[in-house]
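As they're listed, the protein sequences go chains A and B.
Under our numbering, the residues of the first sequence are numbered 1 to 265, in order.
Under our numbering, the residues of the second sequence are numbered 1001 to 1267, in order.
In what follows, a structure is listed as structure tokens, so that the remarks can point back to it.
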Amino acid sequence: MAEKVHIENLFVKFEGEQGNVQALEDISFSVNDGEFLTILGPSGCGKSTLIRSIAGFQKPEKGHILLGQKQVHEPGPDRIMVFQEFDQLFPWKTVRSNITYALKVNGAGKEEREKIAEHYLEMVNLKDFGRAFPHQLSGGMKQRAAIARSLALNPQILLMDEPFGSLDAQTRAVLQSELVRLWQEVGSTIIFITHNIQEAILLGDRVLVMSSAPGRIKDILDVNIARPRMPETPEFMALWHTLYGLLDTKRFGENGKGNVLPGRD
Amino acid sequence: MHILKKVTENKILRQVFFIALLLGVWQYFVSTGKYSQLILPDLGSIWKALVDSIASGEMGERTGYSLYLIGKALAIGTVLALFLTALAMLSSFIADFVKTITTIFNPLPGVALLPIALLWFGIGEMSIILILVHSIIWPLILNTYTGFSSVSRTQLEVGRNLGLRGLKLVSSVMVPSAFPYILTGFKIAWSNSWRSLVAAEMIFGASGGQGGLGWMIYQKRFFLQTPYVFAALFVIILIGILVENVIFAQIEKWTIQRWGMVVQKEN
């Protein structure tokens, strides 16, 4: 399979008043075309820094981030980020205009914009909410709209920074299975950040596990479980325990809320 | 007591009732005959003065001139304020400079600058414009800057992610995102400058035969045409209500309320 993103010896350092913090140390991995990679790690392990570096929001200290043959320098519409925050939609535009505006900035014609917006609104089940303003939507609907906007731009890779992290458990479960369906339909390449083990297994083709202080890659595991995946199955449970063991449990116990055994979540 | 109940429950009816009450009190004091018509004219003659001055075109001319001055000052002030705020966003050095001069000049009432304006520019439109611009730009800068600084980081990053840079990012993300603050800035700028204008006109008087509502009040008092003084005051109040409660309220309804960017006022 063709490599979509290639990261080589990436280091990121934060300079603060209490000295420097090595956020990422010697990160190297690749994501294949059409692959769904989840990155799992405890809070503060640098996983957000990693995805923000790929998006171009964070300048690396050294190392390379390659998108195809191209080195990443700054944010661009070829790598669209879906954030955790509910305010990522522009509140002064309707849901539909949020999508058409993003397309307009990137040079799509008027008719094309409307057609594409309609298509993706339908895809995320928001057909009837195109004329609503973001503040009229629930959290889950906002995240769906943000995903529709991102997919509409047809990016090389979709970067998702805990997009379901602020949702309630039921909504999160619905959006997880919808995301898998969208990914299968569209065939996009996705990097998805989470601190939830179950979410990492449910979604990913592979799970990249990070450890903290400094942020390093602990392991990358294949998820050889047929979709749709059920948390109650033995393979799922086994992988859950493996991942749990890989995580820095002492740190994780303090910060990793919501990680209970599958089936009880 | 059906009507009384209706009046006490309906907000608009209540307001009408209060206004009627005030007018009634006014008319009562006039009817005691203790006060000269030169000091306390009856409502009828104030109404007549209002109608007369409108019919003769005087009121329209005075109001027009006042609004012309304030419009001109608002245009100059807005351009200046946006320019200074944009500069402040570019570097923290300029930001500190702009913040310092804003801190110094914002608390200074426009009218206090009158003598200086007189010394520097003499009696005339220039001096009034200077005072109005002064009363407009500082609150506008202060609010716009606060608004720009409080733009959501996520929305800025979404903008950059879409490919927006520089001025396009400012106009497409920062301005709408900071709009509640900018609107507040305009509201303060308007009320500051409207008050300063009336005060300034009374001191400067007419320039080149022209003068606004403030000048009209001053002139009519000079000739002891008291009903006309009250008629001009009435127009000043009316314009204030119109701009603050109708125009700004409408803009708010069409923008930040529609966008859910403000907690809707409880009535």
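Where is the CB? At the ideal position from N, CA and C, for every residue including glycine.
Are the C-beta of residue i and some C-beta of chain B separated by less than 8 Å?
{"i": "residue 80/A", "result": "yes"}
{"i": "residue 76/A", "result": "yes"}
{"i": "residue 95/A", "result": "no"}
{"i": "residue 105/A", "result": "yes"}
{"i": "residue 102/A", "result": "yes"}
{"i": "residue 88/A", "result": "yes"}
{"i": "residue 135/A", "result": "yes"}
{"i": "residue 92/A", "result": "yes"}
{"i": "residue 85/A", "result": "yes"}
{"i": "residue 148/A", "result": "no"}
{"i": "residue 117/A", "result": "no"}
{"i": "residue 55/A", "result": "yes"}
Determine the DSSP secondary structure at residue i, reduced to helix, strand or coil.
{"i": "residue 126/A", "result": "coil"}
{"i": "residue 46/A", "result": "coil"}
{"i": "residue 1059/B", "result": "helix"}
{"i": "residue 1034/B", "result": "coil"}
{"i": "residue 1195/B", "result": "helix"}
{"i": "residue 93/A", "result": "coil"}
{"i": "residue 208/A", "result": "strand"}
{"i": "residue 1184/B", "result": "helix"}
{"i": "residue 1096/B", "result": "helix"}
{"i": "residue 9/A", "result": "strand"}
{"i": "residue 336/A", "result": "Absent from the structure is residue 336/A, since the part of chain A shown begins at 1 and ends at 265."}
{"i": "residue 80/A", "result": "strand"}
{"i": "residue 221/A", "result": "strand"}
{"i": "residue 1244/B", "result": "helix"}
{"i": "residue 1210/B", "result": "strand"}
{"i": "residue 1125/B", "result": "helix"}
{"i": "residue 85/A", "result": "coil"}
{"i": "residue 235/A", "result": "helix"}
Less than 8 Å separating the beta-carbons of residue i and residue j?
{"i": "residue 49/A", "j": "residue 12/A", "result": "yes"}
{"i": "residue 34/A", "j": "residue 204/A", "result": "no"}
{"i": "residue 134/A", "j": "residue 79/A", "result": "no"}
{"i": "residue 145/A", "j": "residue 105/A", "result": "no"}
{"i": "residue 62/A", "j": "residue 210/A", "result": "no"}
{"i": "residue 1114/B", "j": "residue 1203/B", "result": "yes"}
{"i": "residue 27/A", "j": "residue 54/A", "result": "no"}
{"i": "residue 1183/B", "j": "residue 1251/B", "result": "yes"}
{"i": "residue 102/A", "j": "residue 153/A", "result": "yes"}
{"i": "residue 212/A", "j": "residue 41/A", "result": "yes"}
{"i": "residue 1084/B", "j": "residue 1141/B", "result": "yes"}
Is residue i close to chain A? Criterion is C-beta to C-beta, closer than 8 Å.
{"i": "residue 1157/B", "result": "yes"}
{"i": "residue 1162/B", "result": "yes"}
{"i": "residue 1185/B", "result": "no"}
{"i": "residue 1126/B", "result": "no"}
{"i": "residue 1260/B", "result": "yes"}
{"i": "residue 1251/B", "result": "no"}
{"i": "residue 1152/B", "result": "yes"}
{"i": "residue 1176/B", "result": "yes"}
Going by CA-CA distance only, name the one from the options that's closest to residue i.
{"i": "residue 171/A", "options": "193/A, 10/A, 140/A, 147/A", "result": "140/A"}
{"i": "residue 1193/B", "options": "1155/B, 1134/B, 1213/B", "result": "1134/B"}
{"i": "residue 1233/B", "options": "1146/B, 1212/B, 1189/B, 1118/B", "result": "1212/B"}
{"i": "residue 1167/B", "options": "1034/B, 1087/B, 1012/B", "result": "1087/B"}
{"i": "residue 149/A", "options": "165/A, 162/A, 9/A, 130/A", "result": "130/A"}
{"i": "residue 1099/B", "options": "1143/B, 1056/B, 1061/B, 1125/B", "result": "1143/B"}
| Entirely enclosed alpha helix (DSSP H) segments - the region 11 to 75 of chain A, minimum 4 residues | 47 to 55
| said: Restricting to runs no shorter than 3 residues, where is the beta strand (DSSP E) found entirely within the region 157 to 211 of chain A? | reply: 157 to 161, 190 to 194, 206 to 211
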